[in-house]
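If you're matching positions, the sequence shown starts at 24 in the working numbering and goes up one per residue.
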Amino acid sequence: GGESEKCKSVGIQGIAWAFGGMIFALVYCTAGISGGHINPAVTFGLLLARKLSLTRALFYIIMQCLGAICGAGVVKGFEKSYNFERLNGGANFVNHGYTKGDGLGAEIVGTFVLVYTVFSATDAKRSARDSHVPILAPLPIGFAVFLVHLATIPITGTGINPARSLGAAIIFNRDRAWDDQWIFWVGPFIGAALAAMYHQIVIRAIPFKTRA
24 GGESEKCKSV GIQGIAWAFG GMIFALVYCT AGISGGHINP AVTFGLLLAR KLSLTRALFY
84 IIMQCLGAIC GAGVVKGFEK SYNFERLNGG ANFVNHGYTK GDGLGAEIVG TFVLVYTVFS
144 ATDAKRSARD SHVPILAPLP IGFAVFLVHL ATIPITGTGI NPARSLGAAI IFNRDRAWDD
204 QWIFWVGPFI GAALAAMYHQ IVIRAIPFKT RA
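Okay, structure coming up:
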C-alpha cells in the first residue's frame, strides 16, 4: 500500500547511497579512536599488512559482530513484522539467477575494491608525497562502498562486511540466510587478503618520484 509506494523510489541507488554515506560518516567519526575499521574484512586486511596486532584484530572483529547484531535488532524493532519478513530481514544471500560462484566472486571483487581503497586512502607515504592534494580518507572509502553496492546488490544484496552479514542472519534466522553465510565470510576475507598483498607487494614496491 502507501508505505511500499514511499519506498519504491529509493531503489538500488538509494540503498547504495545510504550505505556509502553512513560508512563515510562512521569512518570519519571513529578513525581517530580505533582507526575506523567497522568491518572484519578491513581489519583482516590491515592485520595481514601488520598495521595492528592479532589480539587487537580479534577484539575488533568480535566488537564489530556484536555491533552488527545490535544494529540488525534495532532495524527489526523499528520495522513492521510483515515488511521485515518480506524483505528477508536485510539478510545476505545469492539472488535467483546467480550461482554461489557468482556470489563468491562478487564478494571477493567488491571487498578487494573496498580494502584497496582503505589502504590507498590511509597510506602515510602517499599522503606525504601528495601533500598538495589534500584527501579526506573517509570520502573515497564511503564512495567505494557506494559503487560496490551499485554493482553487487543485484547479485548478493552486497555483503563486503562479514559482521553486517552475520548480524542480519542472526536476527532474521532463516535457513536461506544461513545457507549462503559462508560466502559472506570467505569472499570478503579473500578479497581483503588480495588487496593487502597487492598494496604491500606491488604498489609499495613501485619507486615514487620525488621532487627535485
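For every residue, glycine included, the Cβ atom is placed at its ideal position computed from N, Cα and C.
Would you check if the region 122-140 and the region 90-109 touch, i.e. whether three or more CB-CB distances between them fall below 8 angstroms?
no
So, helix, strand or coil for Gly113, using DSSP?
Taking the sequence shown and counting its residues from 1, one reaches residue 113 at position 90. Helix at Gly113.
To which residues of the same chain is Trp40 closer than 8 angstroms at the C-beta, ignoring the five residues directly before and after it?
Residue mapping note: residue 40 aligns to position 17 of the sequence shown, counting from 1. Here the set comprises Phe169.
Look up Asp203 in the DSSP assignment and say whether it is helix, strand or coil.
Looking up residue 203 in the sequence shown gives position 180. If DSSP states are grouped into helix, strand and coil, Asp203 belongs with coil.
Quick one, which of Leu69, Ile61 and Ala64 has its alpha-carbon nearest Asp146's?
Residue numbering aside, residue 146 sits at position 123 when the sequence shown is read from its first letter. Minimum Cα distance to Asp146 is reached at Leu69.
May I have a chain-ordered list of the alpha helix (DSSP H) segments no shorter than 4 residues that lie completely inside the region 28-78?
34-57 and 63-71
Measuring alpha carbon to alpha carbon, tell me which of Leu71, Ala48 and Gln204 ends up nearest Leu217.
Looking up residue 217 in the sequence shown gives position 194. The shortest Cα separation from Leu217 among Leu71, Ala48 and Gln204 belongs to Leu71.
Please classify Phe207 as buried or exposed, where buried requires at least 16 other C-beta atoms within 10 Å of its C-beta.
For the purposes of this step, residue 207 is identified with residue 184 of the sequence shown, where counting begins at 1. Buried is the call here.
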